[in-house]
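Numbering (the working numbering), first residue to last: -12 to 129.
Every residue, glycine too, gets a C-beta built ideally from N, C-alpha and C.
Every value quoted in this text rests on a predicted model; they were computed, and no experiment measured them.
Taking it in order: structure first as structure tokens, then the write-up.
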Amino acid sequence: MTPKERAEKAAAAMWAEDNASKWAGMEITHIDEGTATLEMTVEAHHCNGHGICHGGVSFMLADSAFAFACNSRNQSTVAQHNVISFVAPGRLGDRLTANATELSLTGRSGIYDVTVTNQDGQKIAEFRGFSRAINGTLFDEE
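Next up, the structure:
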């Protein structure tokens, strides 16, 4: 199995159980070893009292991209801690894209950067995720 095939199979296994990302309207548009891209369109129920995309929604999109990137090797991996900086507001109707890239993987710990942009390429947020591998896999490899 190639690294990309493993990443695709791991993503499919995770996606099958990921009701939160599906509920929010996300879709996976790219997956490979150590990387993932998820997208979603900002709808009315994603907007806060200021009429802009709720920061928690932008965080959720980034966190989901992070999760698919750090689980791409079929090693069960969870967030250890994450930070986000909001650069510009997402707006109703925006198509948000979260690109996750692995920066470091040492032993059981990983570091990932996720950039969230809108359909015009404007940066909405920068997220850094720190992962920790745990026992288990997403699918059985033969």
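(message) Taking DSSP's pairing of strands, which residues face T104 in a bridge?
(response) Looking up residue 104 in the sequence shown gives position 117. The partner list for T104 (beta bridge, DSSP) reads T84 and K110.
(request) Could you check the C-alpha separation between L79 and H41 for me, to the nearest Å? (result) Indexing the sequence shown from 1 puts residue 79 at position 92. Indexing the sequence shown from 1 puts residue 41 at position 54. If you draw a straight line from the Cα of L79 to the Cα of H41, it is about 10 Å long.
(message) If I measure Cβ to Cβ from S118 and keep anything under 8 Å in the same chain, skipping five residues before and after, which residues do I get?
(response) Position 131 of the sequence shown, counting from 1, holds the residue named residue 118. Beyond the five residues adjoining it in sequence on each side, S118 comes within less than 8 Å, by CB distance, of F53, C57, T64, V65, A66, Q67, S96, G97, I98 and Y99 in the same chain, given in chain order.
(request) Output the distance between the C-alpha atoms of L25 and A(-2), rounded to the nearest integer angstrom. (result) Sequence index remark: in the sequence shown, residue 25 carries index 38 (1-based). Sequence index remark: in the sequence shown, residue -2 carries index 11 (1-based). Spanning the two alpha carbons is a distance of roughly 11 Å.
(message) Using the three-state DSSP reduction, which class does V44 fall into: helix, strand or coil?
(response) Taking the first residue of the sequence shown as position 1, residue 44 is located at position 57. DSSP places V44 in helix when its eight states are reduced to three.
(message) Helix, strand or coil for M27? Go by DSSP, reduced to three states.
(response) In the sequence shown, residue 27 corresponds to position 40, counting from 1. Residue state for M27 is assigned as strand, using DSSP reduced to three classes.
(request) Hey, could you find the ends of the beta strand (DSSP E) A75 is sitting in? (result) Working through the sequence shown from its first residue, we reach residue 75 at position 88. That residue, A75, is in no beta strand (DSSP E); it is neither H nor E in DSSP.
(request) Can you grab the Cα-Cα spacing for the pair G77 / E129, in whole Å? (result) The residue given as residue 77 occupies position 90 in the sequence shown. The residue given as residue 129 occupies position 142 in the sequence shown. C-alpha separation (whole angstroms): 43 Å.
(request) Could you say which of A85, K110 and A112 lies nearest to E8 if we only look at CA atoms? (result) Numbered from 1 along the sequence shown, position 21 holds the residue referred to as residue 8. Residue 8 is actually Ser in this sequence, not Glu. When each option's Cα is compared against that of S8, the closest is A85.
(message) I need the DSSP call for F117, collapsed to helix, strand or coil.
(response) In the sequence shown, residue 117 corresponds to position 130, counting from 1. Correct three-state label for F117: strand.
(request) May I have the straight-line CA-CA distance separating N105 from F73, to the nearest angstrom? (result) Translated into the one-based positions of the sequence shown, residue 105 becomes position 118. Translated into the one-based positions of the sequence shown, residue 73 becomes position 86. Rounded to whole angstroms, the separation of the alpha carbons of F73 and N105 is 13 Å.
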